[in-house]
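The numbering used here applies: residue 28 is where the sequence shown begins, and numbers increase by one. No residue lacks a Cβ here, since even glycine has one placed at the ideal position from N, Cα and C. Keep in mind that this is a model prediction, so the values were computed, not measured. Scroll down for the structure; my scribbles are underneath it.
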Amino acid sequence: MEDSLCEAVEPFQGGGEPYDAQCAFRIGCRNAFSHYEGFCKDFRNRDVMADPVPDAVESLEACQAACRADDGCEGVEWYPDTQGWQNHKCHKFPGTPGSGGSSSMQVVQGGGDYLDAQCYVRHCFGGVARLRNDRWQHFTGYCRDRSGTDVQGNPVNLSETLEACQSVCSEDLSCEAIVWYPETRGYGEVKCWRYPPAPGSTHSGRGDSTEMPSQGGGNYLDAQCYLRFGPDSFTHFDGFCTDRDGVDVMADAVPSAESLGACQAVCLLNESCTGIEWYPGSGGWQNHKCHKFPGTPGSGGSSSLPVVQGGGDYLDAQCYVRPHSGAAVSISVPGCRVNGCQRSAGTL
Numbered sequence: 028m029e030d031s032l033c034e035a036v037e038p039f040q041g042g043g044e045p046y047d048a049q050c051a052f053r054i055g056c057r058n059a060f061s062h063y064e065g066f067c068k069d070f071r072n073r074d075v076m077a078d079p080v081p082d083a084v085e086s087l088e089a090c091q092a093a094c095r096a097d098d099g100c101e102g103v104e105w106y107p108d109t110q111g112w113q114n115h116k117c118h119k120f121p122g123t124p125g126s127g128g129s130s131s132m133q134v135v136q137g138g139g140d141y142l143d144a145q146c147y148v149r150h151c152f153g154g155v156a157r158l159r160n161d162r163w164q165h166f167t168g169y170c171r172d173r174s175g176t177d178v179q180g181n182p183v184n185l186s187e188t189l190e191a192c193q194s195v196c197s198e199d200l201s202c203e204a205i206v207w208y209p210e211t212r213g214y215g216e217v218k219c220w221r222y223p224p225a226p227g228s229t230h231s232g233r234g235d236s237t238e239m240p241s242q243g244g245g246n247y248l249d250a251q252c253y254l255r256f257g258p259d260s261f262t263h264f265d266g267f268c269t270d271r272d273g274v275d276v277m278a279d280a281v282p283s284a285e286s287l288g289a290c291q292a293v294c295l296l297n298e299s300c301t302g303i304e305w306y307p308g309s310g311g312w313q314n315h316k317c318h319k320f321p322g323t324p325g326s327g328g329s330s331s332l333p334v335v336q337g338g339g340d341y342l343d344a345q346c347y348v349r350p351h352s353g354a355a356v357s358i359s360v361p362g363c364r365v366n367g368c369q370r371s372a373g374t375l
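Written as structure tokens, this is what we have:
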């Protein structure tokens with residue numbers, strides 16, 4: 028830890044209650060970097076979009092300095108002995124759509140195999156508050172796997188609010204869901220449970236399945252299931268996108284998007300975007316492979332309601348709906364500031 032580069036530290040805040048100071052210290056030192064072998068990846072092990080920094084090619088220190096000068100910079104990729112990707116030794120994150128990899132999520136690790144790439148994640152973004160924007164899809168009942176079997180989990184004893192329970196899950200890249208008991212004391216007298224069980228743990232909770240949770244529906248007390256989605260997660264449906272009544276929805280073409288990742292990135296950069304339609308093997312509707320929702324009147328279909336599903340039959344259309352655009356979804360937003368971090372929460 029580069030203490031000389033640490034800035035003032037404040038308690039990490041969430042749900043109106045202070046979290047431990049150690050957590051704040053880890054993410055308060057936002058000018059320091061954590062080093063990982065290999066090129067940088069997001070928490071789903073995908074290559075992340077990055078922009079080259081041509082003027083910072085002389086040293087790792089100069090590359091990192093370029094990142095420190097940008098409040099929005101999350102990390103850098105450095106090639107110590109080669110000329111680097113596309114003849115640039117230094118790249119910083121996040122990148123503009125179409126640059127580098129396909130993911131627009133934050134860099135949190137290395138591990139990619141390309142030349143002599145080295146990943147340096149800035150502490151404010153690579154520590155506990157590592158995701159810009161986790162989204163939570165809410166289901167009534169205990170969390171179940173795809174076959175309808177209750178899943179195993181671990182108790183989170185210190186979480187007394189839904190937001191605190193979600194924050195514990197957000198701090199762990201392996202956490203996929205939580206169960207929260209809003210009115211009762213919960214299973215085993217614990218209100219908050221995380222899924223799947225933490226590696227090496229022995230407490231499995233009340234479920235039998237070790238598969239990934241994908242739905243609610245389990246009947247136990249007042250259990251509520253929340254599935255975790257990262258900020259660039261989309262729910263995929265076959266067919267073109269439709270509203271809740273199955274009606275084709277107005278959409279605008281995105282001529283510049285030449286890949287699914289680029290099409291999704293355009294949507295992610297627009298807070299009002301509710302989803303995209305992508306044509307993987309054909310030229311697409313009106314010779315455009317990418318379309319985003321909502322569209323301007325007269326574009327695409329007839330409905331102006333949000334897209335919530337696929338099912339439409341046209342060419343090879345595929346529908347991708349952003350999690351927060353359909354049914355009720357809670358959102359937990361970690362945000363960094365100069366002298367520490369704070370957490371805010373709300374519902375979209």
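In this structure, the straight-line span from the alpha carbon of E203 to that of T109 is close to 38 Å. Three or more beta-carbon pairs separated by less than 8 Å are not found between the region 327-340 and the region 248-256, which leaves the two stretches without contact. Here DSSP, grouped into helix, strand and coil, assigns N181 to strand. When secondary structure is reduced to three states using DSSP, V274 falls in the coil class, being assigned neither helix nor strand. Within the same chain, and ignoring the five residues on either side of W305 in sequence, the residues whose Cβ sits closer than 7 Å to its Cβ are L287, C290, K316, C317, Q345, Y347. Listed in chain order, the non-local C-beta contacts of R171 below 6 Å within the same chain comprise D177, Q242, G244, G245, local neighbours out to five positions each way being set aside. Around the beta carbon of S130, a 10 Å sphere encloses 16 or more other beta carbons of the protein chains shown; the residue is thus reported as buried. Ranked by Cα distance from V103, the first of Q113, G122, N114 is G122. For the 8 Å CB-CB criterion, R349 and C294 form a contact. Taken atom to atom, the span from the alpha-carbon of L87 to that of N72 is near 24 Å. Around F267, the same chain offers D275, E304, G337, G339, Y341, A344, C346 as residues with beta carbons nearer than 7 Å, after the five sequence neighbours per side are excluded. Ranking R149, M277, H115 by CA distance to the CA of D98 puts R149 first. D270 sits buried, since 16 or more C-beta atoms from the chains shown fall within 10 Å of its C-beta.
Rounded to the nearest angstrom, the gap between the Cα atoms of V195 and E216 is 18 Å.
Residue range 136-139 is occupied by the beta strand (DSSP E) that includes G139.
E304 sits in a strand when the DSSP states are folded into three classes. Using a Cβ distance threshold of 8 Å, V183 and R212 do not count as a contacting pair. Put simply, of G128, D78, G139 the residue whose alpha carbon is nearest the alpha carbon of C117 is D78. No Cβ-Cβ contact shorter than 8 Å links Q164 with D69. For the pair C94 and W105, the CB atoms are not nearer than the 8 Å cut-off. Following the DSSP letters along the chain, one finds R149 inside the beta strand (DSSP E) bounded by residues 145-149. Contact annotation, F261 with G302: C-beta distance approximately 7 Å; criterion of less than 8 Å satisfied. Annotated as distal: Q193 and P224, with beta-carbon spacing of 8 Å or more. Closest by C-alpha distance to M239, out of A278, L189, G175, is G175. Per DSSP, G288 is one residue of the alpha helix (DSSP H) stretching across 287-295. For V84, there is no enclosing beta strand (DSSP E), as DSSP marks it with neither H nor E.
In the structure shown, the three-state DSSP call for A59 is coil. Secondary structure of E88 (DSSP, three-state): helix.
Sequence-distant partners of Y147 (beyond 5 residues in either direction) whose C-beta falls short of 6 Å from its own C-beta, in its chain, are F60, H62, G102, V103. When the beta-carbon positions are compared, G127 and D74 come within less than 8 Å of each other. Taking the C-beta atoms as reference points, G111 is found no nearer than 8 Å to C67.
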